[in-house]
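Before any comments, here is the structure.
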Amino acid sequence: MSIKAKLSLFISLIVTVILALNISIFYFSTKAGLQRNAEQQMVTIAKQIGTSLELSEQSRRYMEDAVGERLRAVAIAASKELDPHVGHVTKEQLRALSLKLGVDHITLLVRTENDIVGRKSSDPKEIGISTKTWDYWYKAFNQLFDLQYVDIPQGQKLRNFWSGPIQFSTSNPSQVDKWGYYYDGTTDYIINPYIHAEELLQFSDTHGTNALIRKLLDDNPDIVEITGFNSEFFGKPPIMKIKNGVLVRNLDVRDIEFGNYSYKDELDVANVERSSQTGQVFTTESMVGGKRVLKSFIPLSEGKKYVVGVSFDGNVIRQDLNRQLIIHCVISLGLVVAAWISSYFIAGFLIRPLNQIVRHVNEIAQGRFTRKITVRRHDELGLLSSRVNTMADSLQTYMGQLIDTAKELRGTKESLESFFNHTSDAIHVTDLEGRVIQVNKAFEKMYGWTAEETLHQPLMIIPEDKRGEFEEISVRILNGESVTDYETVRVTKAGQTIDTSITVSPIRSESGEIVAIAVISRDITARKQTEELIRRSEKLSVVGQLAAGVAHEIRNPLATIRGFVQLIQEQGALAQPYDKIMLSELDRINFIVSEFLVLAKPQAQNFESAELRSILDDIIVLLGSQAILHNVEIVPRFASSMPPLVCEVNQLKQVFLNVLKNALEAMPEGGKITIDLFEVPDENMVAARICDEGVGIPADLLPRLGEPFFTNKETGTGLGLMVSQRIIANHKGSMKIESAVGQGTCVEIRLPAAVIPRKEQAG
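Residues in the sequence shown are numbered consecutively from 304, following this note's numbering.
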C-alpha cells in the first residue's frame, strides 16, 4: 500500500475514532441523563406517595381514634348497666345492650389462673376463646386487669382502656373488626365492645395511597408498577396465625403495605434492606419476565419502615436512545467518507517531495552516492533532503573504511579458526549451566566424543571423584579468577582415565559480564608415566648402590665364616648335622641382613602434600593382577571428599603394599578385601580400614605383632610389619589390628590431615 493511501487511511481512521468516541460519549451521557430523569421522576412519585401515605395514615388514625373513643364510651355505659359479676350477666343482656349502644357485639373477658378467656358474649363464637397466644394483646389485657397504664406501642391507649389495631377476627377469620377493652376495677371482667371495620380499609383503598398509585400509573404510562415494601417483614418468612381453623396473615405483619408486586427480582430483598438502613435511593436495571425494568428503591421519611419501589419501563429509555444513536451514526458515516476523499487528495500533494527523496535513497541503497537532491524548500522536507545528501557523503566515506575493516576481520577470524581447529590441545567452551557450546577437533580426538554427541549436553569428561574439584574451579572462574596448568584427571568416552593439565578462563561479554567458560586440556599421561619411570629408576639405582655397599661390608665377613665352616666340614671336625645347621643359619642371617637394609635405610624426610585416595588407587592398580590370580576381589569404598596429607608417598605406599599383600596371602581360597577411606573430623585424622576374609590371627598372638623376626609365615622374617609400624610412627599416625580366627583381619591406619593455610588453599 502506498504512503498516499496509508496517509488517507490513517486520517480517515483518526476521524472515525474521534466520531466513534463522540458517539460513545453521547450514548453513555444521554443514557445516564435519561436514567437520571427517570430516577428523578420516580423519586418525585415516591415523595407524592409518602405525602399521601402520611395524610392517609393521619386520616385513618383519626378515624380509628374516634372509633376507639366511641368504643370506650360504649364500654363505660355497659359497665353501668351490667352486673359487676360475670356469672350474673346473660347472653341476651349483651345482645340487647349491643343493639342499644350501636356496636356489633360485646364480649366479657375474665382472668383465669394462667389465661384470659372470653366468658360471656353476644356472639357465641367468642365464648371460650383463649388469648394467651395473642402476643402483645395478652400483655395489654394483663396490664388492664392490674389497673396499670397500657404501655405497648401498638393500639390506642386511654385511661382504663386500650383499643387494638384493626385485625382479622379470631372467631371469624373472614371478618375484619375493631375492638375496645375497658376495665376500671368495679367488675371482675374486661368489657370488650367491637364493630366491623371493613369501611376503614375501603377508605384507604378508595381515597388513600392505593387510589393515588392508580392515578399515578394512569398519568405516567412509563411507570409499570409502584410497590410499598415493609422492610421489617419483606423477604422474611410470613408470620401466619390459625384462627378458627383458617390460616390467616395478620394485617400488622404484611410485607407489601400498598400497591402491587408483579415484577419480582431476587435482588429486591437486599435493595429494600439497604435502602431502609442507609436512607438512600438505590436504582437497578434487570430483566423481569423478558422485560427490561429500571427499579428505584426510595425510603420514606425517617422513623418509618416503608420503602417505595417504583419500576420504570427500561425499553422506553432504550428506544429513545437507539433512535438518537442511529441518527448520529448516519451523520458520522457521511463525515468519514468525506474525510477519506479529502485526505486522499491532501496526502497526494504532501508526499510529492517524498517521492523524490525515496528515489534518491534507492540509489544510495544500490551504492550510488554521487547524485544529490536539489533543495528548494525550507521546511522539514527541505531539511530532510539536505540530511540525505549529507548521509550519502558520509556513507561513501564509511563504506570504504568498512571494506578495509571487513578484510582485516576476515583474516583474523580465519587465523583464530585455524588455531582453534588445528591446535593439539583440546578446547571446549561451556555456558554457565555447564552445557557444552563449542569443541575443537583435538577435543574429539582426545576424549572420543564427537561434537554432535557433546554439544548442548552436560560435560561428560569429569570423573565422579573429581566433581568436587571441578565445582571449586568453576566457583573460582565465576569469581573472575583464571586457573593455569592445573594437573588433574579426566575420563574418555571409552572409560579410560588420563592425566591432563588444564587452563580455565572466563569469557566475558562487551559489558564485562561472564557469559561462558573456556577450558584448554593437554594430555600429560605419557609425561607422567615417563617421570614415574625416571623416579623409579633413580630410586632403584640408589637402593642398588646402598644395598651393594651394605652387602659388601656385611656379607664379606659372612662369606669368610661360611668358608671356614665348609673347611671344618671337609676336615670332619664337626658332626655332620651341626655343619648343615650352621650353613642354614648363615644363609638365614644373610636374608635377614637384606631385610635390615630396608629397616636401617636412612629415612629421607621428603614430605609433600598428597591425597590418600590417590596412594590407595596406585596400590590397588599394582596388586590388581595378583588379586585376580588369587581369586580375590578388592572393593574400595572411599568418601567423596577427603583432606590431603603431608607425607612421604613412597613410604606410605610400602606400608599399604605390605598390608594388602598380607591380606592376599591370608586368603589362599580367595575372597574379598574391602578398603574404607574416611575422615575422623573430631581428631583431624584421615583413616584407612583394610579388612579381609582370611584365616585370621589367634588372640594370644596379636600382642606380638611387630616384634622383630616374629612371623607365622614359612618364609617370612617379621620385619615387614615392623617397618610399616616405624613408617606410620614417623608420620605421627597409628596402626590398629583386629582379628578373629576364621573371620578375617582388619587393619585400621590413621594419619593426621594436613592443615593448609587459607591463602594456599585459594591459590
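C-beta atoms are modelled at their ideal positions from N, C-alpha and C, and glycine is treated no differently.
Bear in mind that the values here come from a model prediction, so they are computed numbers and not experimental data.
Per DSSP, cross-strand counterpart(s) of residue i
| i | result |
| --- | --- |
| T828 | None, per the DSSP bridge assignment. |
| H1034 | For H1034, which the question treats as bridged, DSSP gives no partner whatsoever. |
| P761 | R738 |
| G1086 | There is simply no residue 1086 to check, as the chain begins at 304 and stops at 1066 in what is shown. |
| T795 | Paired residue(s): none; T795 is not in a bridge. |
| T708 | For T708, which the question treats as bridged, DSSP gives no partner whatsoever. |
| W465 | K460, Y484 |
| K423 | L411 |
| Y789 | I805 |
| M590 | R595 |
| T811 | In the sequence as displayed, the identity of residue 811 is Arg instead of Thr. Looking at the DSSP assignment, R811 forms a beta bridge with I817. |
| V1067 | With the chain covering only 304 through 1066, there is no way to say anything about residue 1067. |
| F313 | For F313, which the question treats as bridged, DSSP gives no partner whatsoever. |
Between the CA atoms of residue j and residue i - distance to the nearest angstrom
| i | j | result |
| --- | --- | --- |
| I314 | S635 | 14 Å |
| K598 | V613 | 6 Å |
| L1054 | L1005 | 22 Å |
| K423 | L412 | 7 Å |
| R830 | T791 | 13 Å |
| V794 | T800 | 4 Å |
| V591 | Y566 | 6 Å |
| A969 | L925 | 18 Å |
| A1002 | W752 | 56 Å |
| G617 | E588 | 8 Å |
| G371 | T393 | 25 Å |
| S944 | E775 | 12 Å |
| A942 | D768 | 9 Å |
| Y289 | L322 | Residue 289 is absent from the model: the chain starts at 304 and stops at 1066. |
| V678 | N692 | 10 Å |
| Y484 | V406 | 13 Å |
Close-in-space but distant-in-sequence residues of the same chain around residue i (CB under 6 Å, 5 per side omitted)
| i | result |
| --- | --- |
| V610 | F532, S534, V575, S578, S579, F600, P602 |
| V1050 | V962, I993, I1040 |
| G562 | I516, I529, T530, G531 |
| F773 | I765 |
| G431 | none |
| G927 | none |
| Q446 | V453 |
| F537 | D558, V575 |
7 Å CB neighbourhood of residue i in its chain, flanking five on each side removed
| i | result |
| --- | --- |
| W482 | S466, G467, N495, Y497 |
| W643 | S311, S315 |
| A1057 | S912, P946, P947, L948, V949 |
| D788 | S804, T806 |
| M694 | none |
| P761 | G737, R738 |
Residue range of the alpha helix (DSSP H) that includes residue i
| i | result |
| --- | --- |
| G771 | 770-781 |
| S401 | 394-404 |
| A745 | 744-750 |
| A443 | 439-448 |
The ligand FMN heavy atom lying under 7 Å from the CB of residue i
| i | result |
| --- | --- |
| M1025 | The ligand FMN is not part of the structure shown, which contains no ligands of any sort. |
Anticipated Cβ contact below 8 Å, residue i with residue j, distance rounded
| i | j | result |
| --- | --- | --- |
| I529 | I348 | 7 Å |
| I820 | T733 | 5 Å |
| I1075 | Y439 | Residue coverage of the chain in this structure runs from 304 to 1066, which leaves residue 1075 outside it and unanswerable. |
| T410 | D426 | 7 Å |
| A990 | V983 | 5 Å |
| I1030 | Q929 | With 8 Å as the limit, I1030 and Q929 do not qualify as a contact, their Cβ atoms being about 22 Å apart. |
| L404 | A369 | At roughly 16 Å, the Cβ-Cβ gap does not stay under 8 Å, so L404 and A369 are not in contact. |
| R940 | D979 | 5 Å |
Extent of the continuous beta strand (DSSP E) run through residue i
| i | result |
| --- | --- |
| N934 | Taken as a continuous stretch (DSSP letters only), N934 belongs to no beta strand (DSSP E), as it is neither H nor E. |
| N965 | Here N965 belongs to no beta strand (DSSP E); instead the alpha helix (DSSP H) covers 952-968. |
| A514 | It is not in any beta strand (DSSP E) - A514 instead sits in the alpha helix (DSSP H) that spans 512-522. |
| Q1077 | Given a span of 304 to 1066 for the chain in the structure shown, any question on residue 1077 remains unanswerable. |
| L597 | 594-602 |
| E416 | That residue, E416, is in no beta strand (DSSP E); it is neither H nor E in DSSP. |
| N563 | Segment: none, N563 is in no beta strand (DSSP E) and carries neither H nor E. |
| T581 | Where T581 is concerned, there is no enclosing beta strand (DSSP E), although the alpha helix (DSSP H) it sits in stretches over 571-581. |
| L980 | 974-983 |
| R992 | 988-994 |
| F615 | 609-616 |
| E535 | Run containing E535: none; DSSP gives neither H nor E here. |
| Y497 | 493-499 |
| S912 | 911-913 |
Cβ neighbours of residue i in the same chain (closer than 8 Å, five flanking residues each side left out)
| i | result |
| --- | --- |
| H1073 | As shown, the chain starts at 304 and ends at 1066. That puts residue 1073 outside it, with no answer to give. |
8 Å Cβ cutoff, residue i in contact with chain C
| i | result |
| --- | --- |
| R626 | The displayed structure is made up of one protein chain only, and chain C is not part of it. |
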